[in-house]
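Worksheet: the structure to be examined is printed underneath.
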Amino acid sequence: MEPYDAHAIEEKWQRLWAEAGAFAVANPAPGEAGDERRFYMLEMLPYPSGHLHMGHVLNYTLGDVVTHFRRRTGYRVLRPMGFDSFGLPAENAAIREGGHPREITERNIASIERQMRRMGWAIDWAREVSAHEPTYYRWTQWLFLRFLERGLAYRKAAPVNWCPNDQTVLSNEHVVDGRCWRCGAVVEARNMEQWFFKITDYADQLLADLDTIDWPERTKKIQTQHIGRSEGAELLFRVEELDLDIPVFTTRPDTVFGATFFVVAPESPLVETLVAGTEREAEVRAYARVAAARSTEERATREKTGVDTGRAVVNPATGEPIPVWVADYVLMEYGTGAIMGVPAHDDRDLEFAQAFSLPVVPVIDDDGRMISSAQFDGMPCEEAKGAIVAWLDERGRGKPAVSYRLRDWSFSRQRYWGAPIPVVYCEQCGIVPVPDDELPVLLPEVSDYRPKGEPPLASNAEWLNVPCPRCGGPGRREAETMDTFVDSSWYFLRYCDPHDDTAPFERRLVDYWMPIDQYIGGIDHAKGHLLYSRFFVKAMNDMGMLGFREPFARLFHQGWVRLAGKRMSKSQGGVSPDELLDQFGADPIRVYILFQGPADQDIDWSPDGIESTVRFIRRLWRIVHEAAARPASPEGVSTPLAVKAHETIARVTDDIDRRFVFNTPIAAVMELVNELARSPEDPAARFAAETAVSLLQPYTPHVCEELWEALGHSRLWETPWPTHDPALLARETVVLVLQVNGKVRDRIEVPAGLPEDELVERAKASEKVQAHIDGKEPRAFVVPDKLVNLVV
RNA sequence: GCGGGCGUGGCGAAACUGGUCAAACGCGCCGGGUUUAGGUCCCGGUGGACUUCGGUCCUUGGAGGUUCGAGUCCUCUCGCCCGCACCA
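Numbering (our numbering), first residue to last: 393 to 1184.
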């Protein structure tokens, strides 16, 4: 027996798998039956920072176990890999260190890919895609144009975070405590033109279809909350002098009789309409300008401010005029950008009313019944909601309405390293799409990636100035690029047909593979990537491009791997997998990361523990080699070791398949190996060894392949998953637990399948039981074949 | 403030639908063996208290409750973590 040499074994099998094309999977030929058992296993694609971190190792090892298990249980498994290779970090590295973002990105991809291969993950590398490659972003641009055609992509002015120092728009994530994360300057709110995807059109479907997918409840909750559907009513408040009806959204139409004032958001166009030409014009405008420039955080925390417009609107319920104010506690983005102020029943309105001495009129009493509300007095307020809306509806002053918190997705970035947005601005024609046959619009070279008020692409005049594709007149390209979340909203579709140069994918192929049977990734993407991708698929389904409405049928979130209490992530590598690979090899790392605990739970990384998995593999190595020297186990052997092996098959299979837990199968195999070590002479020794190696293969594929050969077999990676023999597990006798008053007093062996009264008789016959029931006549509770509880 | 999750040995954890002494498996620790020594490796022990060594009692953050029976279900409470947050 050679000593266990992780590196030699791992290199050998990685080479052999590559030569055999072991993990490549073919697409079905046209006309091939679609009823084959297929399985699409996908983990979220990595962002190519310098190297893998232990969180990746957990994520992809988890997916690898599922991949091997599904392959060996008879599925055609698609398990691809790619890189989310556009984005700010590479661009910032280029600004910081010099060099081109493409060089940095491609160097990182090469490095990560090498690490992935060393980990031995069963990936179909022939399907690899990277977002920054023109062969990929050509289709990202193509999809954008389809969204544009349907009005699902549009451009409009919207408030953004602006850093006055860096002269750029910042995403919300890059505003820390109201300051720019890079230079520390106080961020301003600005109104700028932005590109948006109309995800709000799909708010209801995104909410409703959560019921059709097998996702963690907490993730569904996060999305539900983010979509934020509220039912209520839209009520009309009239400005008589201007002959103007202003709608407001409210979830509390029952309180409308208590609306004593009216508030408009400072950003609202109504402000101008209301005050233009009045004596309060200057004062109100000044307030609106200052308030609109305040950050959302500032507006949320400071005391209530506002200014009276001097105008009045008519409360549609009371018919009385109430004053109209402008105040920054009302947000333009939600509802209609205007509210009715009901200080008696809303804390924020009360605070405002108290600050400005506005009247407070309660309209619901302590028992929840309507008061001071005309004909509705005495009605329970829940009932009054519908009744009042119906009453206002009859008079044309209101109707039931639904409002969402979800906003359209702003996806344009004033940055370099992203897919160019393929449109041209023409003075005559406006926004003109670049024709499909001119795609991709290649990302041009620029001299400086730093944004200086204008996106970096605008600095390349030769690229920027092109004739209008429609009229041929002077035009200017869009210089903004797309958010990387656009790239990652459809990459899983491209994997199905990665080399198609006539379309993003063939519908037949995505309909064959999709939806993804098991998706694995961090919960940090709960309301970003996981929502955007759902929106993309629904929109593409509506366009007839594919035949399903949800991308991810089943979702699992792996836990965080922490180092000294901190999450390991892209920015803080912490532990280098290369060093661990050099020191221990891939198999021990793979077992260790999954043995720590449930995969959805955070784990603390400790290099010490990994030694113990090396020890286990060495022990397995020795014990299996010893068993391999013994005669083959007879067919149907039913020794205790054989029974243990079958039990282990049943446990491991159930854990991976049904329970989706990955730590306890390792413990189960360890138990089997321990049992084998204790009884090496058992006739089932070889069978037990074969079973242990076969069951552990998804975790430690290299060493198991080597041991499988030592046992006289070949190609474990495509050997069918073992099945247990239920007949062997059916015991002839069982151990019956005897309790008196709920306490265990004895255990006796009885034939399996005895009727309840027989079990009770046997229990009463036990001396130890008799000593505790003391001659009394007990009541009996029986769990057949397991337990009898006698209660006296 | 709103929504959600989690508390089990010295440590990571197991106990899957309430039912075989709660703590499997592993780490750590203790004892023994192999070894010139250390490491590796092998064997055994290891929740707590009491014990006449046969056992007895206690123990899943805390307090109640349901049940023949609760780590598991319910109520309250303490602690930690996560998501949202002037959303009308």
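All C-beta atoms, glycine included, are put in the ideal place defined by N, C-alpha and C.
Nearest to V1136 (by Cα), restricted to the options R1078, L1179, E830: L1179
Where H1094 falls, given that 16 or more other Cβ within 10 Å makes a residue buried: Per the 10 Å Cβ criterion, buried.
Three-state secondary structure (DSSP) of I487: Here DSSP, grouped into helix, strand and coil, assigns I487 to helix.
Reference A1021, options P1072, E498, L784, E712, closest by Cα: P1072
Cα-Cα separation between G543 and P1118, rounded to whole angstroms: 59 Å
First through last residue of the alpha helix (DSSP H) which encompasses W531: Note, W531: alpha helix (DSSP H), 526-541.
Same chain, Cβ closer than 8 Å to Q950, neighbours up to 5 away in sequence not counted: G447, L450, N451, L454, I912, G913, G914, A991, D992
Boundaries (first-last residue) of the alpha helix (DSSP H) holding L1146: Following the DSSP letters along the chain, one finds L1146 in no alpha helix (DSSP H), marked with neither H nor E.
Paired residues, beta bridge with A704 - DSSP: P715
R463 versus R805 - alpha carbon distance: 41 Å
Short Cβ contact (9 Å threshold) for M584 with S660: no
Delimiting residues of the alpha helix (DSSP H) encompassing Y911: Bounds of any alpha helix (DSSP H) do not take in Y911; it lies within the beta strand (DSSP E) bounded by 910-912.
Cβ neighbours of I908 in the same chain (closer than 7 Å, five flanking residues each side left out): Y432, L434, F884, P943, F944, A945
Other residues of its chain near P1170: CB distance less than 7 Å, five sequence neighbours each side excluded: L1182, V1183, V1184
Straight-line Cα distance separating W1100 from V1127: 36 Å
Option nearest T1092 by Cα separation, candidates V1129, E424, E1150, I981: I981
K1036 classed as buried or exposed, judged by whether at least 16 other C-beta atoms fall within 10 angstroms: Buried, because 16 or more other Cβ atoms sit within 10 Å of the Cβ of K1036.
Sufficient close CB pairs (3 or more, under 8 Å) joining the segment 619-636 to the segment 755-769: Of all C-beta pairs linking the segment 619-636 to the segment 755-769, fewer than three are shorter than 8 Å, placing the two stretches out of contact.
Extent of the continuous alpha helix (DSSP H) run through E424: Note, E424: premise wrong, no alpha helix (DSSP H); not H, not E.
Backbone CA spacing between H921 and R494 [nearest angstrom]: 23 Å
DSSP beta-bridge partners of E626: Beta-bridge pairing links E626 to F641, K791.
Own chain partners of Q988 with C-beta closer than 6 Å, once the 5 adjacent residues on each side are dropped: I995
DSSP state of N583 mapped onto helix, strand, coil: strand
Residues that DSSP places opposite V656 in a beta bridge: V718, A730
Three-way DSSP call (helix, strand, coil) for Q964 in this model: Caution is warranted here: a pLDDT of 44 is assigned to Q964, below 50, making its placement in the model unreliable, and the coordinate value is therefore given only provisionally. The answer is coil: DSSP assigns Q964 none of H, G, I, E or B.
Those runs of the alpha helix (DSSP H) which lie wholly inside the segment 835-920 and span at least 4 residues: 853-856, 876-879, 883-886, 899-905
P1023 versus I1015 - alpha carbon distance: Rounded to the nearest angstrom, the two C-alpha atoms are 14 Å apart.
Limits of the alpha helix (DSSP H) - the one that F744 falls within: 739-747
Short Cβ contact (9 Å threshold) for P645 with K777: yes
Contact belief for I638 with V705 at Cβ below 8 Å, rounded distance in angstroms: 6 Å
V953 in three-state terms, based on DSSP: strand
Per-residue DSSP class, three states only, for E725: coil
Opposing strand residues paired with T560 [DSSP bridges]: C555
Start and end residues, alpha helix (DSSP H) containing E971: 969-975
Contact belief for Y529 with P832 at Cβ below 8 Å, rounded distance in angstroms: 6 Å
Segment contact, 8 Å Cβ cut-off, at least three pairs: the segment 892-907 with the segment 928-940: yes
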